[in-house]
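Numbering (our numbering), first residue to last: 1375 to 1808.
Glycine residues also receive a C-beta, built at the ideal position from the N, C-alpha and C atoms.
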Amino acid sequence: MSKSDARAQFRAPVGTRDIVPPESAGFQRLVNLFAEHARLAGYGLVVSPLFEEVGVFARGVGTSTDIVAKEMYEFEDKGGRSMALRPEGTASVVRSFVENPPPVLPWKVWYWGPMFRYERPQAGRYRQFHQVGAEAIGTDDPEADVEMIALAWDYFEGVGVGDKTLSINSLGDARCRPDYREKLMVYLAGREEDLCAEHRKRYRENPLRVLDCKKAECVAATSDAPRQVDSLCAECEDAFGRVTTALAALSIDYVLQPRLVRGLDYYTRTTFEIAAGSLDAAQNAIGGGGRYDGLVESLGGPPTPAVGFSAGIERVALALVAERGTEQSSEAPDVFVVDLCGGVASVLARDLRRAGIAVARDFGGRSTKAQFKAADRSGARFALVVGPDEVAAGTVSLKSLREADASPGSPRPENTQTALPRATIAIEMKRILS
RNA sequence: GUGGCCGUAGCUCAGUUGGUUAGAGCGCCAGGUUGUGGCCCUGGAGGUCGGGGGUUCGAGUCCCCUCGGUCACCCCA
1375 MSKSDARAQF
1385 RAPVGTRDIV
1395 PPESAGFQRL
1405 VNLFAEHARL
1415 AGYGLVVSPL
1425 FEEVGVFARG
1435 VGTSTDIVAK
1445 EMYEFEDKGG
1455 RSMALRPEGT
1465 ASVVRSFVEN
1475 PPPVLPWKVW
1485 YWGPMFRYER
1495 PQAGRYRQFH
1505 QVGAEAIGTD
1515 DPEADVEMIA
1525 LAWDYFEGVG
1535 VGDKTLSINS
1545 LGDARCRPDY
1555 REKLMVYLAG
1565 REEDLCAEHR
1575 KRYRENPLRV
1585 LDCKKAECVA
1595 ATSDAPRQVD
1605 SLCAECEDAF
1615 GRVTTALAAL
1625 SIDYVLQPRL
1635 VRGLDYYTRT
1645 TFEIAAGSLD
1655 AAQNAIGGGG
1665 RYDGLVESLG
1675 GPPTPAVGFS
1685 AGIERVALAL
1695 VAERGTEQSS
1705 EAPDVFVVDL
1715 CGGVASVLAR
1725 DLRRAGIAVA
1735 RDFGGRSTKA
1745 QFKAADRSGA
1755 RFALVVGPDE
1765 VAAGTVSLKS
1775 LREADASPGS
1785 PRPENTQTAL
1795 PRATIAIEMK
1805 RILS
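In structure tokens:
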């Protein structure tokens, strides 16, 4: 089989990609760190299906959103049911909440996994991408909003995203949003001619979306448009004030972004987004979220306030690379077994692995030189050499692969090896590695 | 869904107005060193030039189509 044959046959689908070592180590790290932050904040893991009935997203996310209207992977299963690959995580989690009502509120859960959106791929945008996220369902306390923002912020801090901006806004609630919407509609109607071609026709469908438009015409036309934050009802006003006050107390800097609308219909009151300064691409949002007090009810549950957040793993990874360059893998083994008589590596490696030591080895009975080359490349700290001499003496030879003078271009140094008893090698290596 | 740019070795790329058998660096494998990595030297493997069609005596090079990549619009993570 030639390589070109194998390559010509199949490729990863458009907009998807394989995440392979060493990059996958970074991916795993981002997931693991979120798991840890979530655990510390009292969130339990929820694993929900990657696909749902279309209605979960249509009613949850909203049929007027781009995500549902034109980006969903929909299919009919063999039972004739209309299904869709999940384009985001919150709707599924809420469906799960409604289906399995927890005994105690709030229900605090986190998740991670792939999401699917049928879009043209570009920098930082894929058809299958991965998110970590958290939801707190069953409380309207603004402090829950703050906990969610802090979780997001501290996660990004923890993984190493230094250059980032938190934008927040309040979209009001069922009481004050309609009033604001009306105000904005009137304002836009008076300036219809100034809007971009797209929104001149469509602003009536969702006037809030015009605020999010990046076209110069729309930005100019809405520069002094009424702001939702100025039209909040007393309750929303109070809630938003408590959020901003608490953020200040936590020393989390934020920018009030009255134009922050976000493309999902379910948001109410607090919405927020975190953008990475190192990403100058069009896609610089690494995470976002907000409150969705009406979603549980619209998916058939009892009226239940909730707040959530999600982050895009690929985007975070891109931000980290942009900020600090490629990180090297931390998957290097502890030791590399060099087997010079053949057949002894498997037993030695297993002894060490059972003791919790990461062991790599070579295959194919290659030359000493080839095995040491492989050992060097593996990044292992030590080589353990077993040959006829060692077998006869009941020992294993330990050699450091990280000499202090191992600068590129240096000549081969003297080989310094230590003979260790074979019988207690696992214990001894544990001690040396610690 | 629309548009710009780009497809030559595992990777990064060169390849003259179209002209013989398509090259380099890095990486990989082996030898130099019959038990020792990095540096060095020598050799080797690896390509239907993304795919198809056309023009031509002759196409990696020109034309068309197609697939893929990439960036942007839209929108979002």
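Item: CA-to-CA distance, G1436 to D1519, given in whole angstroms; Value: 22 Å
Item: G1416 versus L1525 - alpha carbon distance; Value: 11 Å
Item: Candidates P1476, T1642, P1477 and R1574, of which the one nearest Y1554 by Cα; Value: T1642
Item: Residue from V1681, M1803, P1495 and R1728 whose Cα sits closest to the Cα of R1391; Value: P1495
Item: Bounding residues of the alpha helix (DSSP H) (the contiguous stretch that carries T1619); Value: A1608 to A1623
Item: Beta-ladder partner(s) of G1504, from DSSP; Value: Correcting the residue type first, residue 1504 is His in the shown sequence and not Gly. DSSP lists P1488 as partners of H1504.
Item: Where I1801 falls: helix, strand or coil (DSSP); Value: helix
Item: F1490 vs Q1502 beta-carbon contact at 8 Å; Value: yes
Item: For T1644, the residue or residues it bridges with in DSSP; Value: S1544
Item: Test item: CB-CB of R1755 and R1776 under 8 Å; Value: yes
Item: Boundaries (first-last residue) of the alpha helix (DSSP H) holding S1809; Value: Since the displayed the chain opens at 1375 and closes at 1808, residue 1809 lies outside it and no answer follows.
Item: Pick from K1743, V1670 and I1542 that is closest to N1474, judged by C-alpha positions; Value: V1670
Item: Boundaries of the alpha helix (DSSP H) in which L1692 is found, first to last residue; Value: I1687 to R1698
Item: Alpha-carbon spacing of L1551 relative to P1395, whole angstroms; Value: Reading off the sequence, residue 1551 comes out as Arg, not Leu. One C-alpha to the other measures close to 48 Å.
Item: Nearest residue (CA-CA) to T1798, options G1699, G1768 and T1790; Value: G1768
Item: Residue(s) in a DSSP beta bridge with G1682; Value: E1509 and G1664
Item: 8 Å Cβ cutoff met for V1760 and D1713; Value: yes
Item: Cross-strand partners of A1749 (DSSP beta bridge); Value: Bridge partners of A1749: none, in fact.
Item: Counted within 10 angstroms of its Cβ, other Cβ atoms place A1508 as buried (16 or more) or exposed; Value: buried
Item: Bounding residues of the alpha helix (DSSP H) (the contiguous stretch that carries L1558); Value: R1551 to A1563
Item: CB of S1371 within 8 Å of CB of E1448, strictly; Value: Residue 1371 is absent from the structure shown; the chain starts at 1375 and stops at 1808.
Item: Own chain, CB closer than 7 Å to S1470, minus 5 neighbours either side, in chain order; Value: V1420 and S1422
Item: Cβ-Cβ separation, P1480 to I1511 (assumed contact under 8 Å), whole Å; Value: 6 Å
Item: Any beta strand (DSSP E) of 3 or more consecutive residues that is wholly inside the segment 1426–1453; Value: 1448–1450
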